Each structure stands twice: as C-alpha cells, then as structure tokens.
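Asks: Have a look at the structure that comes next, please.
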Amino acid sequence: MIKLNTFIWKIFWILLIVLSAYYLYSAINYRFFNEGLGPTFWNKQFWFVSHLITAVLPLILGPFQFWVWFRNRYIKLHRLLGKLYIMGCLLGGLTAIYLGITQPYDGSIIPTLLLATLWLFMTSAAWLTVKQKNILAHRLFMIRSYTLTLAFVFLRILSDLVYEHNFLAFIDNQDVRDATYEWMSWVIPILVVELYISWIPSIKKNKRKITSS
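Position one of the sequence shown corresponds to residue 67 (the numbering used here), numbered consecutively onward.
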C-alpha cells in the first residue's frame, strides 16, 4: 500500500511538472511573442516581465521544497531555497496586484486581486509559522501557497477546455464565461486542498474522539 501511494505521488508530481512547463511555455509564447504587449500594455512591460521572473521562481522551487528526500538530505539548501521561494511569491503577488488593478477586463479584476492577496497571505503565514518552529502549520501553509502558485496552470487548462472543447458552453456571454473559469482556476484547487489537508482529517479526528468516548 505504501509503495502504491509513493508511485501515485510520483506520477502526480511528474504530471504537474510537465503541465507547468508546457503551460509556462505557452503563456510566455502567447504574451511576449504572439499577442505581444501592444500599445495598451506598453506602460506595463516592466510589470509583466517582473511578474514573470518572480512568479517562475516559486513555480520551479516548489517541488524541491516538498521532496522529502531532498529536504532531509540537504537541509541548509532547503532553507535557502525556501527563502527564495517566499521572496518570489511575495514579489510575484505584489506585481499581480498591480496587473490585476490595471487590466482592461472588468470581470478579471476581482478574481485576480483575491488570488494575489491569498497568495501573499498563505506565503507570509508559511514564513511566520516556520519562524515560530511550528513545522506542521508551516507545511500546511506551504501546500496552500504552492496550490495558488499553480493557479496559472489550472487557468490555462480551463482555458483550453473552454475554447477547444466547449466547456462552459451553456454560458453565452464570453466575458461571463471567461470570468467564471478564472474564478474556478484557483477556487476549486484551494477547496480540494482544504478538503484533503484540513476537513477530512478534522472529521476523522472527531470520529475517533466519539468512538473512544
């Protein structure tokens, strides 16, 4: 059973890394080469580049931080990469807030700002808890933080489903459809994570208490 779980987790991480690499390439190619920044985005060129550079850092470093073998064997490097991860998230979140406020798509403003704010909060909480040596809370907040780091991957997957496979086709208005899958790109993943790391363990814990009483 343990070997099966380990195998499943390996497949999960490999799939996640492959999807992240593919959609990162697609996003860079679309924004900087196909569509371009354009005249309406020219004054945001610095912010787009800054967000890309800073947000890519935690995206790449995340798997190393969750890799138990690497963490146990190279603890000093783990801590250094952790600091770089937190720095990338904080700077990426701040640039995302600016881009969210100044973007021309009204339906995208609120989900972008809430995503960036939650990303900043979860990452800051991960940093504060590790400073307090609360390792369990630190790991849980890191899981939440990295889930939000991956929001752009989920966004691209949903975008492909919407425009190539008629997902959400029952929504006629394109602006509403776009806003809907932007919300879904981070709300659903963070809810799934909470279900796995918080809600189900709480239910099992309470069930054990009831059984033993």
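Backbone N, C-alpha and C define an ideal beta-carbon position, used for all residues, glycine too.
The structure displayed is predicted, hence computed values, not measured ones.
#1: If you measure between the beta carbons of Leu186 and Gly159, is that distance less than 7 Å?
#2: Could you give the DSSP three-state label for Leu143: helix, strand or coil?
#3: My parser needs the alpha helix (DSSP H) runs of 4 or more residues fully inside the region 196 to 244; what are they?
#4: At the level of alpha carbons, what is the spacing between Lys270 and Thr215?
#5: Take the Cβ of Val228 as the centre, count every other Cβ of all protein chains shown within 10 Å, and call the residue buried at 16 or more, exposed below.
#6: Closer than 8 Å is the cut-off here; do at least three beta carbon pairs connect the region 180 to 196 with the region 161 to 171?
#7: Tell me which same chain residues have a C-beta within less than 7 Å of the C-beta of Asp172, skipping the five on either side of it?
#8: Taking Leu202 as the reference, give the member of Val84, Ile263, His231 with the closest Cα.
#9: Is it right to say Arg210 is buried, meaning 16 or more other beta carbons lie within 10 angstroms of its own, or is it exposed?
#10: According to the neighbour-count rule (16 or more other Cβ atoms, all chains shown, within 10 Å of its Cβ), is Glu248 buried or exposed?
#11: Cα separation between Ala87 and Ile152?
#12: Confirm, please, whether the CB-CB distance from Ile256 to Thr189 is below 7 Å.
#13: With respect to the alpha helix (DSSP H) encompassing Pro124, which residues constitute its N-terminal and C-terminal limits?
#14: Should Thr168 be labelled buried (16 or more other beta-carbon atoms within 10 Å of its own) or exposed?
#15: Rank Leu234, Met250, Phe132 by C-alpha distance to the C-alpha of Lys76 and give the top, closest one.
#16: Below 7 Å between beta carbons: does that hold for Met208 and Ala192?
Replies: Reading it off the structure:
#1: In this structure, Gly159 lies closer than 7 Å to Leu186 by Cβ.
#2: Note: Leu143 maps to helix in three-state DSSP.
#3: Qualifying alpha helix (DSSP H) stretches, in chain order: 201 to 215, 217 to 230.
#4: Between Lys270 and Thr215, the C-alpha separation is close to 29 Å.
#5: Buried, by the Cβ-count rule.
#6: In short, these stretches touch, since the Cβ pair count reaches three.
#7: Here the set comprises nothing.
#8: Sorting Val84, Ile263, His231 by C-alpha distance to the C-alpha of Leu202 places Ile263 at the top.
#9: That one is buried.
#10: With 16 or more Cβ atoms within 10 Å of its Cβ, Glu248 is classed as buried.
#11: Approximately 20 Å, taken between the alpha carbons.
#12: No, Cβ-Cβ distance for Thr189 and Ile256 is not below 7 Å.
#13: Pro124 -> alpha helix (DSSP H) spans 111 to 132.
#14: With fewer than 16 other Cβ atoms inside 10 Å of its own Cβ, Thr168 counts as exposed.
#15: If you compare the alpha carbons of Leu234, Met250, Phe132 with that of Lys76, the shortest gap goes to Phe132.
#16: Cβ atoms of Met208 and Ala192: closer than 7 Å.
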